[in-house]
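In order, the protein sequences belong to chains A and B. According to the numbering used here, the stretch in the first sequence is residues 348 to 938, in order. According to the numbering used here, the stretch in the second sequence is residues 348 to 938, in order. Idealized CB from N, CA, C, for every residue including glycine. Everything numeric in this text was worked out from a predicted model, so none of it was measured. A short worksheet on the structure shown next.
2 protein chains.
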Amino acid sequence: MATRMQDRAHSAESEDEEAFVYIFDRRKGDAPEQKIPTGGLFNFENFHSKLAEHFDLDEGENYVITTTNREPIFDDDTWDLVDNGETLYLLRAVDQDLPAQAQERVNYLPHYDTIVKGGMYEYYASEGQNPLPYAFAELIDNALAATANNVGSRQIEIRLHFDDVTPSKSVVLVVDNGKGMSSRQLNNWAIYRLSKFIRKDQRGKLVPGEEIEPSSVDTPQVPRSLNSDISYFGVGGKQAIFFIGSSTRMITKPRESKDVHELTISKEEFERKEKNKEAIYSGYIRNRKPGDVSHIPAEEETIRQLIEEELGKTSFTAVAIQGINPQHIPYLKGNLTQWTRQLAHIYHYYIHGPNGNQKHGDSKTRAPSPFMNIDIQVKVYTKGNSVPKQIDLRDIEDDMQTLFIRTAASTFEFKASVEGMGRVEGVMRYHPFLYERETYPPDVNMTFFEADIEDEHDYAIDIRPARGKRPIFECYWNGRLIPYTTVEEFEWCSAPKKSKQIYVPTECYNRVSGVLFTNDQFQVSTNKLTFLDLEMKLRDKNTAFSRISGTQEKRTQIEKDFFAWLKECHEQCDKQVRFSGFKGVVTRLDL
Amino acid sequence: MATRMQDRAHSAESEDEEAFVYIFDRRKGDAPEQKIPTGGLFNFENFHSKLAEHFDLDEGENYVITTTNREPIFDDDTWDLVDNGETLYLLRAVDQDLPAQAQERVNYLPHYDTIVKGGMYEYYASEGQNPLPYAFAELIDNALAATANNVGSRQIEIRLHFDDVTPSKSVVLVVDNGKGMSSRQLNNWAIYRLSKFIRKDQRGKLVPGEEIEPSSVDTPQVPRSLNSDISYFGVGGKQAIFFIGSSTRMITKPRESKDVHELTISKEEFERKEKNKEAIYSGYIRNRKPGDVSHIPAEEETIRQLIEEELGKTSFTAVAIQGINPQHIPYLKGNLTQWTRQLAHIYHYYIHGPNGNQKHGDSKTRAPSPFMNIDIQVKVYTKGNSVPKQIDLRDIEDDMQTLFIRTAASTFEFKASVEGMGRVEGVMRYHPFLYERETYPPDVNMTFFEADIEDEHDYAIDIRPARGKRPIFECYWNGRLIPYTTVEEFEWCSAPKKSKQIYVPTECYNRVSGVLFTNDQFQVSTNKLTFLDLEMKLRDKNTAFSRISGTQEKRTQIEKDFFAWLKECHEQCDKQVRFSGFKGVVTRLDL
Ligand SMILES: Nc1ncnc2c1ncn2[C@@H]1O[C@H](COP(=O)(O)OP(=O)(O)OP(=O)(O)O)[C@@H](O)[C@H]1O
Ligand SMILES: Nc1ncnc2c1ncn2[C@@H]1O[C@H](COP(=O)(O)OP(=O)(O)OP(=O)(O)O)[C@@H](O)[C@H]1O
Ligand SMILES: [Mg+2]
Ligand SMILES: [Mg+2]
Numbered sequence: 348m349a350t351r352m353q354d355r356a357h358s359a360e361s362e363d364e365e366a367f368v369y370i371f372d373r374r375k376g377d378a379p380e381q382k383i384p385t386g387g388l389f390n391f392e393n394f395h396s397k398l399a400e401h402f403d404l405d406e407g408e409n410y411v412i413t414t415t416n417r418e419p420i421f422d423d424d425t426w427d428l429v430d431n432g433e434t435l436y437l438l439r440a441v442d443q444d445l446p447a448q449a450q451e452r453v454n455y456l457p458h459y460d461t462i463v464k465g466g467m468y469e470y471y472a473s474e475g476q477n478p479l480p481y482a483f484a485e486l487i488d489n490a491l492a493a494t495a496n497n498v499g500s501r502q503i504e505i506r507l508h509f510d511d512v513t514p515s516k517s518v519v520l521v522v523d524n525g526k527g528m529s530s531r532q533l534n535n536w537a538i539y540r541l542s543k544f545i546r547k548d549q550r551g552k553l554v555p556g557e558e559i560e561p562s563s564v565d566t567p568q569v570p571r572s573l574n575s576d577i578s579y580f581g582v583g584g585k586q587a588i589f590f591i592g593s594s595t596r597m598i599t600k601p602r603e604s605k606d607v608h609e610l611t612i613s614k615e616e617f618e619r620k621e622k623n624k625e626a627i628y629s630g631y632i633r634n635r636k637p638g639d640v641s642h643i644p645a646e647e648e649t650i651r652q653l654i655e656e657e658l659g660k661t662s663f664t665a666v667a668i669q670g671i672n673p674q675h676i677p678y679l680k681g682n683l684t685q686w687t688r689q690l691a692h693i694y695h696y697y698i699h700g701p702n703g704n705q706k707h708g709d710s711k712t713r714a715p716s717p718f719m720n721i722d723i724q725v726k727v728y729t730k731g732n733s734v735p736k737q738i739d740l741r742d743i744e745d746d747m748q749t750l751f752i753r754t755a756a757s758t759f760e761f762k763a764s765v766e767g768m769g770r771v772e773g774v775m776r777y778h779p780f781l782y783e784r785e786t787y788p789p790d791v792n793m794t795f796f797e798a799d800i801e802d803e804h805d806y807a808i809d810i811r812p813a814r815g816k817r818p819i820f821e822c823y824w825n826g827r828l829i830p831y832t833t834v835e836e837f838e839w840c841s842a843p844k845k846s847k848q849i850y851v852p853t854e855c856y857n858r859v860s861g862v863l864f865t866n867d868q869f870q871v872s873t874n875k876l877t878f879l880d881l882e883m884k885l886r887d888k889n890t891a892f893s894r895i896s897g898t899q900e901k902r903t904q905i906e907k908d909f910f911a912w913l914k915e916c917h918e919q920c921d922k923q924v925r926f927s928g929f930k931g932v933v934t935r936l937d938l
Numbered sequence: 348m349a350t351r352m353q354d355r356a357h358s359a360e361s362e363d364e365e366a367f368v369y370i371f372d373r374r375k376g377d378a379p380e381q382k383i384p385t386g387g388l389f390n391f392e393n394f395h396s397k398l399a400e401h402f403d404l405d406e407g408e409n410y411v412i413t414t415t416n417r418e419p420i421f422d423d424d425t426w427d428l429v430d431n432g433e434t435l436y437l438l439r440a441v442d443q444d445l446p447a448q449a450q451e452r453v454n455y456l457p458h459y460d461t462i463v464k465g466g467m468y469e470y471y472a473s474e475g476q477n478p479l480p481y482a483f484a485e486l487i488d489n490a491l492a493a494t495a496n497n498v499g500s501r502q503i504e505i506r507l508h509f510d511d512v513t514p515s516k517s518v519v520l521v522v523d524n525g526k527g528m529s530s531r532q533l534n535n536w537a538i539y540r541l542s543k544f545i546r547k548d549q550r551g552k553l554v555p556g557e558e559i560e561p562s563s564v565d566t567p568q569v570p571r572s573l574n575s576d577i578s579y580f581g582v583g584g585k586q587a588i589f590f591i592g593s594s595t596r597m598i599t600k601p602r603e604s605k606d607v608h609e610l611t612i613s614k615e616e617f618e619r620k621e622k623n624k625e626a627i628y629s630g631y632i633r634n635r636k637p638g639d640v641s642h643i644p645a646e647e648e649t650i651r652q653l654i655e656e657e658l659g660k661t662s663f664t665a666v667a668i669q670g671i672n673p674q675h676i677p678y679l680k681g682n683l684t685q686w687t688r689q690l691a692h693i694y695h696y697y698i699h700g701p702n703g704n705q706k707h708g709d710s711k712t713r714a715p716s717p718f719m720n721i722d723i724q725v726k727v728y729t730k731g732n733s734v735p736k737q738i739d740l741r742d743i744e745d746d747m748q749t750l751f752i753r754t755a756a757s758t759f760e761f762k763a764s765v766e767g768m769g770r771v772e773g774v775m776r777y778h779p780f781l782y783e784r785e786t787y788p789p790d791v792n793m794t795f796f797e798a799d800i801e802d803e804h805d806y807a808i809d810i811r812p813a814r815g816k817r818p819i820f821e822c823y824w825n826g827r828l829i830p831y832t833t834v835e836e837f838e839w840c841s842a843p844k845k846s847k848q849i850y851v852p853t854e855c856y857n858r859v860s861g862v863l864f865t866n867d868q869f870q871v872s873t874n875k876l877t878f879l880d881l882e883m884k885l886r887d888k889n890t891a892f893s894r895i896s897g898t899q900e901k902r903t904q905i906e907k908d909f910f911a912w913l914k915e916c917h918e919q920c921d922k923q924v925r926f927s928g929f930k931g932v933v934t935r936l937d938l
């Protein structure tokens, strides 16, 4: 039989026979420590006699028992503070020198806030945005990875069950029909920082990428790096869950399994275990047949219904989050449009395919996604209403990427090869000026736009045409948006600072939007909000850019190609040149 | 005697008598699990017989032993894979339904990458900057907190010992003469996420702010919030250390203690413990008399010397980092000026006092810092050279804050009161235009500045006067810079978008720099690189701004005050108005 590491509490209450202290006799000499059993020693006098016997202590002799911080142990009160397994000194005097070194055993198990508070500082968002969509994104990442090899549809549902009467009873569910987890995998799920790259099989061998099946590993050429491979650090799900609420019940069943596996981790349980001095990181996986609700109290209807659904499923994972942070509820309810739009933006290319959400002429059917079959839905249940309010992310038409795609008059595709295996695909889009109006979509998060333009007396010339000060590129990693990293521009697509032969008005450079798609050779932060090395690698002198035209890679200078494209865009698509807020002849009086 | 939680490994090798498995007899019924000792069962046959006896199994009967994932255990190979403490089933058939639920014990101790890789993604820096200064800052934070109540000088030294022959033997030391740690505090230091707010004393009572002594708690009015209270999350030191290297030896001695306490944590040790199935989060604190080097091999000269210094100290903490990441060495050596400048910037107000690094007329002595006494030094030792290269952060004169302070012609101080206890002090500085040249200091990290201005043929009007596109405010939290959060401007100090009575050229708004100083009522991320809620709170409608003039708070409208100040600055300090890159009369031909 093999052995496996354990984190078990040794509680003197339950295992008194194991109680002991270590004693270093450091009156003189360098004798090794002695392990003194302390079971049954109920007061200091008992302990003292035992020591006197063990170390042959004389009545008349000068000695003192202290902690390693030299606090004397001399009565029941001081003895009470000694921990099981603690190291003590036997000394001539409290402040004598140590004649030899003394090593004491210590434990430094990470505090459970590692799990419970992990997400608290990870999923913040700047500029007054709400970070919740980014927490949900971690759970969607996991579901995308789990469904990557589904044969039929890939269904991912975020279900919000609001309880208006008792808000604290609200439940958030994230349910997918992916491959599920075995009980060992479910155990691994709970291990903080156990990334797939360091998971070991039962023989202790590394199983790197246990979760990735060959199909996705062997196809680095998947367009836009839409490889569904977005599980990296072993922290995402846990951090997201404890950002959203205070407790989670993971329920899962792999295809091959007869049984459903269930594991609950909660802040309250951690607190209880700490209080009772139980092992913090131990718990139970419940194995049961599908649909068995015998362990769920009748009032937890939502969970019971969820379990009853299991009967119709071959494999699945359901994350049931409870103890929802009450601060989140008004936002989740009141800003549904906003945060679902943000999710549609993050997963735009997963839900719409490599070309994104294009308009499809007359046909009102959805854009086909040939190599995927992803449905991400948000369902909002309110008590009393049996029919949920339902939003399919694929139906959202006002996320930034959809706006960019639909206002584009022309696109320019390119590729960047970065040293090593780094691959970046790029798309740029031209949003022309049409009869008195820029078609570049305004930032959905901004509101101060388009004000005051009529005012003749504008003195402080506030030119915000088209893109304005926004950077050109949004960046996707393995097909999903990394929201806080943007790339301003490249050398080859920036407005020339000086040039004597310009054929394109500077304004045109401001009518370009863009997207970068990287593979996983670029690093992102553990919260998947920023890239770590993208800009640096792109700026490296060995990074080579080339235009992609059709499926062909063109070996000309990208700067020329871009300029030619921009010129063509301007000449063919712009209907009038406009200089916003600045018309006619101005004579500067103040010179 | 009290008990305390432990993380101990149960290795069958050493404690065979404790080996066991749990068996659920789920052929039918819902009997609880049975704990079956497995010590001395050396093969499957032994185990099988034991089970047959225990559960009264008949030869002719149909039954199978499986794991909870329904993998049958039927021979020595499959039995070998069973872990100590694992849960097994006794079933009629491998694929029968479970007649009742079965709960198996699992452990989910955080992987040691929690500590070892914590910093890897935390201390990245954007825009091609190197993140190392931010890692050092965490160690300086700790040293500032530890020295806060020193009576005399507060000495903080970063010592770099480069070994050119064997770079892997290089050592980084961070040494302070602060209050040190008891062995229990040293143990607590190692506990990931054990913030000071949740530390418990030996009686299990919370000791919030154990580390903060009353003096600093009771003085919220300390100028610029320079309270030395920058230990918050229980992660900083550990993350920084393992970002810099792969091993640390913490050596510390509190004033009251006769002994020095030493704790080593290293990646290699974690790996060894994992391999040998030992308890991951257990180790030894070495207690010894000051100067005792008996445990350090002769070749580790740097460590021996460090220990020998102990004899002259009453209290101290030394962090000795080894296994320095080889990628860091060229940067640490080659960019010394740059990263020490960055540290001088981060701790500017700690090292120079609330008014910063002002020029002091004739006197070449250092600016006095009346209520602090902080010396932060960087010493670089190279083998063979006994005299280190030494930089005192207080002597650095080209960090951004020094540049801002020394080019300022006038300052404008204000205060923001945020709901609750949030206090923000603000300083704005005017950098005038002097005879053909802006005095606003260029960004030390930028280089593209001031190019091409002479070119008459500039067409793309690239106006980068004074501040340019940079935001106005850098932000300090408890007196130390939070480098990635800047505040663009406030409503009341931004160039008016339309205004009929303007007396100040727009350009003047661009000659203002600023600093915000917040207290700890604002949240920062665990890596102390960004604020979480500063902008949001500042924009709150209940946030009140007022000018501070002398020591007086003025109750007039800040917008008016600011405008008056700006006007005065312009009229008294600017020597000529300049509009960069745009002179005379321009007629736009392209309209
Ligand atoms: N919906 C799911 N279906 C199947 N397995 C899952 C699911 N969610 C999580 N897992 C498993 O649990 C593991 C841990 O998930 P978690 O999100 O905490 O970290 P991660 O995905 O490994 O890394 P990251 O930090 O990048 O999210 C995953 O690697 C995966 O093996
Ligand atoms: N130089 C030092 N002198 C004395 N005590 C120290 C020193 N460095 C660390 N400590 C102690 O160790 C604890 C842990 O330090 P660490 O930097 O890992 O986390 P923290 O400072 O508590 O929180 P943060 O994550 O904000 O840094 C500190 O709270 C402090 O009590
Ligand atoms: Mg994940
Ligand atoms: Mg710290």
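Evaluate residue i with the Cβ neighbour count: other Cβ atoms within 10 Å of its Cβ, from every protein chain shown; 16 or more gives buried, anything less gives exposed.
i: Gln919(A); result: exposed
i: Met768(B); result: exposed
i: His401(B); result: exposed
i: Val765(B); result: buried
i: Ser850(B); result: With the sequence shown as reference, residue 850(B) is identified as Tyr, and Ser is not the correct amino acid for it. By the 10 Å Cβ count, Tyr850(B) comes out exposed.
i: His886(A); result: The identity of residue 886(A) in the sequence shown is Arg, whereas the question assumes His. When all chains shown are included, Arg886(A) counts as exposed.
i: Tyr553(A); result: Here the sequence assigns Leu to residue 553(A), which means Tyr is not the residue at that position. The residue is exposed, with fewer than 16 neighbouring Cβ atoms inside 10 Å.
i: Gly432(A); result: buried
Confirm the yes/no value for this check: CB of residue i, any heavy atom of ligand 2, distance under 7 Å.
i: Thr461(A); result: no
Is there at least one non-hydrogen atom of ligand 1 closer than 7 Å to the beta-carbon of residue i?
i: Tyr579(A); result: yes
i: Val453(A); result: no
Would you list the one or two residues that DSSP bridges to residue i?
i: Lys382(A); result: Tyr369(A)
i: Asn454(A); result: Ser629(B)
i: Gly861(B); result: Met775(B), Phe820(B)
i: Leu881(B); result: In the DSSP output, where bridge partners are listed per residue, Leu881(B) has none listed.
Using a Cβ-based criterion (distance less than 7 Å to any ligand heavy atom), does residue i qualify as near ligand 4?
i: Asp488(B); result: yes
Determine contact between the region 744 to 760 of chain B and the region 876 to 883 of chain B, defined as no fewer than three beta-carbon pairs at a distance below 8 Å. Because the criterion of three Cβ pairs below 8 Å is not met, the region 744 to 760 of chain B and the region 876 to 883 of chain B do not touch.
Would you check if the region 514 to 526 of chain B and the region 479 to 491 of chain B touch, i.e. whether three or more CB-CB distances between them fall below 8 Å? Yes, they touch.
Would you say the region 774 to 793 of chain A touches the region 849 to 868 of chain A, given that touching needs at least three Cβ pairs under 8 Å? In short, these stretches touch, since the Cβ pair count reaches three.
Does the pairing of the region 364 to 376 of chain B with the region 591 to 601 of chain A give three or more beta-carbon distances under 8 Å? Taking a cut-off of 8 Å on C-beta distances, the region 364 to 376 of chain B does not touch the region 591 to 601 of chain A, as fewer than three cross pairs fall below it.
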